[in-house]
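Numbering of the sequence shown is given in the UniProt record's numbering, commencing with residue 1 and proceeding in unit increments. Structure first, commentary second.
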Amino acid sequence: MRSAEAIDRIVIIGGGISGLSSAFYLQREAERQGRKLHLTIVEEAPVLGGKINTLQRDGFVIEKGPDSFLARKHAIIDLAKELGLENELTATNPAAKKTYILHKRKLHAMPPGLVLGIPTEIGPFMKTSLLSLGGKLRAVMDLFMPAKPASGDESLGGFLERRVGTQVMRRIAEPLLAGIYAGDLKKLSLKATFPQFGDSERKHGSLIKGMMHNRKATIAAAKGKAQGTTFLTFKGGLSTLVRALDGALSGVERRLGVKATELAKSGSGYTVTLADGETLEADRIVVTAPAFAAAKLLEPLVECMELSDIRYVSVANVVMAFDKKTFGLDFDGSGFVVPRSEGLHITACTWTSSKWLHTSPDDKVLLRCYVGHSEDQESVKLPDDQLVAAVRQDIRETMGITAEPIFAEITRLNHSMPQYPVGHVEKMQSLRSRLKMELPGVWVTGAAFDGVGLPDCIRQGKEAAAELYSASN
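Structure follows, in structure tokens:
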């Protein structure tokens, strides 16, 4: 029987959004159950927030990491409400709804009704200049093709090719969806990345019909700031969320700028050893580090080859600011994505000052270009001056922009994008079952497991809190 004076000692390894969310919801769960909690966050970097990093410079709001999140995923909106940040949320510019895809070095507007690369309005789709007539007809064959009998996992690219054809997969879906994971669709797991695609085929007999149904349901379910927009962010940048979480965790101890180097069993609990020699005693541990770092901690105690199987990809982004009077171009949308067949360094370009009106002074222009994917890890390694030159060459070729930037901000996110292999969901279930048996009270979570987006990481943090406290009752 648990003593009324017992204190739950929990150590969270990783101070990114997964770790911060885990800490926040662990506090909430402890309060709900009337339990005393001693919580410590260990973060190798000198600051909290992980990849989230908002820079305020010369009137610009610049995201050096992620710049927004999907409005249809409510976990982050719910957290914003709990933190009193709902009024800080802001949607994309309604006058910049167009998105373009580069094809044969020309920008082609994406047809209305395209959802995650899948057409939900057939009329506009049949008019697009992105595909040949044969490519369009092959895509709409999905409406009449029989569904594949339910089976195991398959690659995302293989599924899309099977349902809507190679042209849609390569020219539309890949540049849109691969941007989320920076990966090769033919190597990514369908179940781990876009399980709603497989659900659509099974429930509706057609990917297109299923996405039509999902689109209507999403629009009907949208509330508040999420209505009428695909993406949301915060007026002061995503670091607004980190600061609010940091403030809400006032009673939590922090060990910043120091790495957790070893986990060991200690009686009925565990000892966490830090690089500076300090040891932390814990009843339970939440590991939110990247898969390769988590594997190094766990491997001496339990078999975790599933973590070693997750490859990571490096990416970079180059943000450039311009004077509007010398820029020479007006935008009518939010940006464009680039298929790999185009052979450019950039994989996408966001017209940031057009998409997000709060990010730039009225007389300035802000662009954000993305570099690197699973099949191009060399561009990310270019020296700063060569990387900026390569990006400027790409935007000169695609948009005719020759203006000199006022400044450029480069962010390199090395080994930051986990690649979910086919069978990933089952592998993670197997790993967690093994941990539950061999290391009770140790929970692994974060971007390596069940979604890389900010809402996914927050949801997983909430699930981690519920799991740890339900397992201890």
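By construction, the Cβ of each residue, glycine as well, lies at the ideal position given by its N, Cα and C atoms.
Backbone CA spacing between residue i and residue j [nearest angstrom]
i	j	result
L133	M126	8 Å
M1	P300	Any reading at M1 must be qualified, since the residue scores a pLDDT of 37, below 50, and its modelled position is unreliable; no value is offered.
D142	R32	49 Å
Y100	A447	28 Å
G49	E82	18 Å
L26	K462	8 Å
N214	I208	10 Å
K325	L238	29 Å
Q167	S68	29 Å
residue 482	A282	Look at the range of the chain in this structure, 1 to 473, and you will see that residue 482 is not part of it.
L39	D362	45 Å
I180	P195	15 Å
T230	I118	15 Å
G183	L307	17 Å
K104	S189	29 Å
L114	E121	7 Å
Y469	G372	40 Å
C369	R9	43 Å
T402	F327	8 Å
V319	H415	20 Å
G16	L413	14 Å
T445	N87	29 Å
L431	I310	13 Å
A147	F292	37 Å
D58	P405	14 Å
Q205	V140	The sequence given here has Gly at residue 205, not Gln. One C-alpha to the other measures close to 13 Å.
M145	Y312	36 Å
A408	P455	29 Å
L297	M305	12 Å
A80	L241	7 Å
Collapsed DSSP secondary structure at residue i in the structure displayed
i	result
Y420	coil
R2	Its pLDDT being 46, under 50, R2 is placed unreliably in this model, and the value from its coordinates should be taken loosely. Coil, per DSSP.
E281	strand
P66	coil
R28	helix
Q460	helix
residue 475	Residue numbering for the chain in the displayed model covers 1 to 473; residue 475 lies beyond these limits and cannot be assessed.
L85	coil
I52	coil
A217	helix
L454	helix
V61	strand
I41	strand
A91	strand
A23	helix
A147	coil
L468	helix
P403	Rather than Pro, the amino acid found at residue 403 in this sequence is Ala. The answer is coil: DSSP assigns A403 none of H, G, I, E or B.
G205	coil
L79	helix
M211	helix
One or two residues paired with residue i in a DSSP bridge
i	result
K36	I7
V115	I118
I17	Its beta-bridge partners do not exist; DSSP assigns none.
L413	V315
A408	M320
I12	I41, V286
D199	Answer is none; D199 lacks a bridge partner.
D376	H373
Span of the beta strand (DSSP E) around residue i
i	result
S266	260 to 266
I101	98 to 103
R368	364 to 371
K106	106 to 109
T233	231 to 234
First through last residue of the alpha helix (DSSP H) which encompasses residue i
i	result
R254	From DSSP, R254 is part of no alpha helix (DSSP H) but of the beta strand (DSSP E) over 253 to 256.
L387	384 to 399
K127	122 to 127
V140	133 to 140
S239	239 to 248
Threshold first: 3 residues or longer. Then list the beta strand (DSSP E) segments lying entirely within the stretch 150 to 197, N to C. The qualifying runs do not exist here; there are none.
Start-end ranges of the alpha helix (DSSP H) lying completely within the stretch 269 to 356, minimum 4 residues: With a minimum length of 4 residues, the unbroken runs of alpha helix (DSSP H) contained wholly in the stretch 269 to 356 fall at 291 to 298, 305 to 308, 324 to 327, 352 to 355.
Unbroken stretches of the alpha helix (DSSP H), 4 residues or longer, contained in the stretch 422 to 450: You should have 424 to 438.
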